[in-house]
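Please read the structure below before turning to the comments.
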Amino acid sequence: MKNKQVILVKKPEGLINESHFSIVSTDIPTPKEGEVLVKNRYVSIDPYLRLLTEEPTTFSRGVKPGSRMESWSVGEVVESKSPVFQSGQYVLGYLGWQEYGLSNERELRPIDPSIASLPAFLGVLGMPGITAYLGMFDYGKPQAGQTVLISAAAGTVGMTAGQFAKMHSCKVVGITDSEEKCRFLLEELNFDSAINEKRENLEEKLKQYVPEGIDLYYDNVGGETLDTALLFLRKNSRVVICGMISQYNVKTPYAIKNFERLHSARATLKGFIVGDRTDRWPEAIRRLEVWVKEKKLKHRENVFHGLENAPKALHSIFTNAPIGKTVVEV
Ligand SMILES: NC(=O)c1ccc[n+]([C@@H]2O[C@H](COP(=O)([O-])OP(=O)(O)OC[C@H]3O[C@@H](n4cnc5c(N)ncnc54)[C@H](OP(=O)(O)O)[C@@H]3O)[C@@H](O)[C@H]2O)c1
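If you read the sequence shown in the UniProt record's numbering, its first letter stands for residue 1, the second for the next number, and so on.
Pasting the structure below:
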């Protein structure tokens, strides 16, 4: 038996697509003392994977052409040289786009599939859910009655962060890119307003929906959307820079014009990387699992089938993203 892997073959310039990857076959590794061999069931598709190809990043050494793509994955232990894990157990790890991954026992998290389906552990119960938790509660600090604006609101982080703001009795406005996604935000997640940025003028819609201004902008996209959101900052507001997905595939970054608004609004702007605060992950995971189990936190996953479709899935989140988390069934 061999191990199928997805390799980055060339550094992308502009939009990442299938031509940047190839499939190879290697030997399945054998675990040594303290190691665990995992058969991946689902691999994660995340916006930051595009940034890894710009190696090195500030949060990773990146992925060089000729190397296997990194990613989170969930799978089943098939061989264990660790007293902590047994064959057949489900785990979450950073095992990459491949069929079989070897991990140190300390870098695997046991998961309980009775809480949610396996793909959910890569989304709401994994790194993106933890990101929304830290971004909203540690940095955004929403308070009852405040107005919160969220971009990429139908993506995993956006929809989770938006639900947290609703739990805190905030008025929540989501920015997304289709009518179907607007309906989802309004009808399923009870957002107060939703803006289809592809069809509607963001500035006009914000004038209509948030005449009072915004207390917190949770930014997942950067670029022109961030620039427009700055115009609506209220006094002592916060801007949390979680991500800038609109800029990940462009050669010339958008130049922000409205930074003066931070000054006149006495606003704070905070960027963060979830991996810098792994000390906060256990609390976040505990609470996310309870909320999902109690159905207080909604989530959605979209599954591509076949490891060879991972590049196509990655391309899709930048071009035609579905609602929620994208994963690939290996
Ligand atoms: N700071 C951290 O540590 C950290 C950790 C995880 C993620 N992030 C960032 O959080 C953001 C969302 O990630 P996610 O996990 O929610 O990803 P996701 O589930 O794959 O969702 C991505 C969403 O981004 C939006 N999008 C895609 N291309 C876009 C473009 N060109 N312009 C504007 N919006 C676009 C779409 O939102 P709509 O469908 O609503 O239009 C899409 O659903 C990304 O910027 C990511 O890099 C940051």
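All residues carry an ideal CB built from backbone N, CA and C; glycine is no exception.
With DSSP as the reference, label residue i as helix, strand or coil.
i	result
proline 119	helix
glutamine 247	helix
asparagine 309	helix
valine 221	coil
threonine 53	coil
arginine 300	coil
glutamine 5	strand
valine 274	helix
isoleucine 317	helix
serine 19	helix
valine 292	helix
glutamate 13	coil
threonine 228	helix
isoleucine 175	strand
isoleucine 285	helix
glutamate 79	strand
arginine 183	helix
glutamate 33	coil
glutamate 188	helix
lysine 166	helix
serine 237	strand
residue 370	Here the chain covers residues 1 to 330 and nothing more, so residue 370 does not appear.
So residue i and residue j are supposed to be a Cβ contact under 8 angstroms. How far apart are they, rounded?
i	j	result
lysine 4	glutamine 98	7 angstroms
tyrosine 218	isoleucine 150	4 angstroms
isoleucine 23	arginine 68	Not really, about 11 angstroms apart at Cβ, beyond 8 angstroms.
leucine 122	serine 44	4 angstroms
leucine 314	tyrosine 133	24 angstroms between Cβ atoms; not a contact.
glycine 96	serine 71	6 angstroms
residue 331	serine 237	Given that the chain is displayed from residue 1 to residue 330, the structure contains no residue 331 and the question cannot be resolved.
alanine 152	isoleucine 245	6 angstroms
alanine 144	serine 117	Going by Cβ atoms, the distance from alanine 144 to serine 117 rounds to 33 angstroms, so no, they are not a contact pair.
valine 148	leucine 216	5 angstroms
alanine 284	arginine 234	With 8 angstroms as the limit, alanine 284 and arginine 234 do not qualify as a contact, their Cβ atoms being about 28 angstroms apart.
proline 47	isoleucine 317	6 angstroms
valine 36	serine 80	5 angstroms
Output the distance between the C-alpha atoms of residue i and residue j, rounded to the nearest integer angstrom.
i	j	result
isoleucine 195	glutamate 212	17 angstroms
aspartate 192	glutamate 105	44 angstroms
leucine 297	glutamine 163	7 angstroms
glycine 129	asparagine 201	29 angstroms
phenylalanine 184	methionine 159	10 angstroms
valine 250	leucine 15	7 angstroms
proline 311	phenylalanine 137	33 angstroms
alanine 255	glycine 223	7 angstroms
valine 38	threonine 268	43 angstroms
lysine 270	valine 239	6 angstroms
valine 157	threonine 131	7 angstroms
phenylalanine 304	glutamate 18	14 angstroms
glutamate 76	alanine 120	15 angstroms
methionine 1	threonine 26	9 angstroms
threonine 252	alanine 165	33 angstroms
valine 91	leucine 186	34 angstroms
asparagine 40	glutamate 301	17 angstroms
valine 327	valine 292	18 angstroms
asparagine 320	glutamate 260	33 angstroms
glycine 155	valine 9	28 angstroms
valine 74	alanine 161	23 angstroms
leucine 206	methionine 167	22 angstroms
leucine 262	asparagine 190	29 angstroms
tyrosine 209	lysine 257	23 angstroms
Original post:
Which runs of the beta strand (DSSP E), 3 residues or longer, sit entirely within the region 190–220?
Top reply: 193–196, 214–219
Original post:
Given 8 angstroms as the limit, is there contact between the region 19–33 and the region 228–242, that is, 3 or more CB pairs closer than that?
Top reply: no
**OP:** Report yes or no: do three or more beta-carbon pairs, one from the region 55–70 and one from the region 105–118, lie closer than 8 angstroms?
**Re:** no
Subject >> Contact between the region 85–101 and the region 50–60 (3+ Cβ pairs under 8 angstroms) >> reply: no
Subject >> Those runs of the beta strand (DSSP E) which lie wholly inside the region 84–161 and span at least 3 residues >> reply: 90–93, 100–104, 147–150
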